[in-house]
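Novice: Take 1 as the starting number for the sequence shown in the UniProt record's numbering and just add one per residue.
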Amino acid sequence: MNSLTGVQRFLRSGGHNPQGQPRETTNMPKQSFLSKTAVVLIILTIAGVATVLLFIYGPSLLATTETAPLMRLPKNLLPHSYRVTLQPHLYTQVTEQENDTSVNQTVRFDGVSVVNFHCVEKTQTIYLHSKDLRITKTPIVMNQRYNVSTKVTQTVFHTDESDFMEILLEEPLEKGEDYSLRLTFWGEMSATKLGDLRDVYLKATFLKLYLAATHCEPTMARAVFPCFDEPDMKAVFNVTIVHRRDTFALANGQKRGEEIKGDWLYTTFYPTPKMSTYLFAFTVSEFTSIKSTTHNDVMIYTFARPEITSAGYTQYATHVSGRILKFFEGYYGIDYPQKTLSRSFQLTCYMPHKKVFALPSCFLMKINHFYNYLILGNGF
C-alpha cells in the first residue's frame, strides 16, 4: 500500500517529526494535581463547617437580618399592660438664701417601666419608642410562662424622627409567648418639651412655685417613659408616683394607697382602663381640693392653687361639672364608664398658665388659662 496511517509513519520515523526534530511528550506535573486536590478539600471543609453552623445557629443568624421599620412600629409585638413608677425630684418651692441666691432646682425624674407584651410573630429585635431618656441599666427581657430571661446583646437609639429604641436579643422571641421588658431610666422635665412638663407660677407674695404635669398628646408619652407610643397599641397602666411629702399626686386611675419612705411619698393608683399611651397623665403639685356630689354617685373633686380654693373660686366648676357630665352622657348615649366601680370620682384641677390646647387624657383633661381645668375620672 502506498499510503500509511499517521501513526505508522510516526512509529517508522522513530518519534521524530517530518523535519527530524524529536517530539515533546506531555505528562501532567504532580504539583498541579496536588494543588487542585487541596483546593477541593478546602472548599468541602468550608461548606461542611457552614452547614453545621447554619443547622445550629440558623434561626439566630436569620433573625438578625430583620428589616428596620420605617417610622411606624412593627406589629409583631403587642403590649397589653404597663407598670410605671415615676419619681420627679422637683421642689415645689425654692427658698431664697441670704446672698440672694436660690437653692438649685432639679428637673430630673427617675423611672422604672415594665411592659408586658404578646409575641405575634417570631423576632429577635424589640422596637419601641424612647425620646431624650437615658437607660441606666441593661434591659431585662423575661418569658412569662417559663420565667427565664433572654440576653440583650445591644441597645440602639435611632437619631431620626422615629424615636425608635431598638433592643437586639441573643435568641429570638417565640410566636405565641408572652414576655416582659423592664427598663430603668431617667430624664429631665422641661417647660418647652411636651412630654414631661415643669410649670412655674407666682403666689400673691411673688414666690415662685413649681409643679410637674404631663402632656403626652399626640406622641410624647415616649418622653415620659419608654413605650409602644402608637394610638392603636392600647394597654392597661398601673402607675406609682414617688413625690415629696409636701406635694399631692394625681393620675388617670383611682388612688389605691400611700406609703411614706423617708422624705418621699409613694402614691399608687388602681389600673386604668385599656387606653392609648397619649392619654397617660399625672401631676405633682401642692394644690388643694374641694369636693361635691352633683351627678348620681359620681364624686367631683376640684384641685387648684391653695389661695384659689380658699377664695371659693372653684365652687362653680365643681357644681357645673356634674351637669356637663350628665349632658354628654345623654348626647353620646354612653354612661360614664367608671360607674361599674363601687365609687367613681371626677377631679377638676386648675392649671396656671398652661399653654396647651384641650387635652383629653382618659379621665384627665388639661385646658388653657386661669379657668383651665384638669379632669381625672376614677378618683384619686
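For each residue, glycine too, the CB sits at the ideal point set by N, CA and C.
Output the residue ranges of the beta strand (DSSP E) runs that lie fully inside the region 127-206 and measure 3 residues or longer, sorted by chain position.
Specialist: Listed in chain order, the complete beta strand (DSSP E) runs (minimum 3 residues) inside the region 127-206 are 140-143, 148-150, 152-157, 164-173, 178-188, 196-202.
Novice: What is the DSSP secondary structure of ALA213, reduced to helix, strand or coil?
Specialist: DSSP places ALA213 in strand when its eight states are reduced to three.
Novice: Suppose contacts are defined by Cβ-Cβ distances below 8 angstroms. Is LEU169 in contact with THR150 by that definition?
Specialist: Yes; because the gap between Cβ atoms is below 8 angstroms, this pair is in contact.
Novice: Mind checking whether LEU173 and CYS119 have CB atoms under 8 angstroms apart?
Specialist: Yes.
Novice: Using the C-alpha atoms, what's the distance from ILE42 back to CYS227?
Specialist: Looking at the two C-alpha atoms, the distance is approximately 50 angstroms.
Novice: Taking its Cβ as the centre, do 16 or more other Cβ atoms sit within 10 Å of ASP335, making it buried, or is it exposed?
Specialist: It counts as exposed.
Novice: Which same chain residues, not among the five before or five after LEU133, have their C-beta less than 6 angstroms away from its C-beta?
Specialist: Counting only Cβ-Cβ distances below 6 angstroms, and skipping sequence neighbours, we find PHE185, GLY187.
Novice: My assumption, with CB atoms under 8 angstroms, is that SER81 sits in contact with VAL236. Please give the rounded CB distance.
Specialist: Correct: roughly 4 angstroms between the Cβ atoms.
Novice: List the residues that DSSP assigns as beta-bridge partners of HIS118.
Specialist: BP columns for HIS118 point to LEU78, ASP178.
Novice: Measure the CB-CB distance between SER285 and THR318 and report whether it falls below 8 angstroms.
Specialist: Not in contact: SER285 and THR318 (Cβ atoms no closer than 8 angstroms).
Novice: Do THR267 and THR240 have their C-beta atoms within less than 8 angstroms of each other?
Specialist: Going by C-beta atoms, THR267 is nearer than 8 angstroms to THR240.
Novice: What's the C-alpha gap between ASP178 and ARG244?
Specialist: Computed Cα separation, rounded: 36 angstroms.
Novice: For THR153, which of ARG305, SER162, HIS129, VAL141 has the nearest alpha-carbon?
Specialist: Nearest option by C-alpha distance: VAL141.
Novice: Does GLN254 come out as helix, strand or coil in the three-state DSSP assignment?
Specialist: Coil at GLN254, not helix or strand.
Novice: So, is LYS255 buried or exposed, given that buried needs 16 or more other C-beta atoms within 10 angstroms?
Specialist: Buried, by the Cβ-count rule.
Novice: Measure the CB-CB distance between TYR127 and PRO69 and report whether it falls below 8 angstroms.
Specialist: Closer than 8 angstroms, so yes.
Novice: Can you give the Cα-Cα distance for PHE280 and ALA311, rounded to whole angstroms?
Specialist: In a straight line, the C-alpha of PHE280 is about 31 angstroms away from that of ALA311.
Novice: Give every residue of the same chain whose Cβ lies closer than 7 angstroms to the Cβ of GLU121, excluding the five residues on either side of it in the sequence, and list them in chain order.
Specialist: Correct list, in chain order: ASN76, LYS175.
Novice: Taking the alpha carbon of THR283 as the point to measure from, which residue in LEU211, ILE308, GLY257, SER113 has its own alpha carbon closest?
Specialist: Nearest of LEU211, ILE308, GLY257, SER113 to THR283, Cα basis: LEU211.
Novice: Would you tell me roughly how many angstroms separate the C-alpha atoms of PRO306 and LEU78, rounded to the nearest one?
Specialist: One C-alpha to the other measures close to 43 angstroms.
Novice: From what residue to what residue does the beta strand (DSSP E) around LEU265 run?
Specialist: That run of the beta strand (DSSP E) goes 264-269.
Novice: Let me know the secondary structure DSSP gives GLU307 once reduced to three states.
Specialist: Note: GLU307 maps to helix in three-state DSSP.
Novice: Just verifying my parser: in three-state terms, what is the DSSP assignment at PHE109?
Specialist: If DSSP states are grouped into helix, strand and coil, PHE109 belongs with the strands.
Novice: Could you give the distance in angstroms between the alpha-carbon of THR288 and the alpha-carbon of PHE303?
Specialist: Taking the straight line joining both Cα atoms gives about 5 angstroms.
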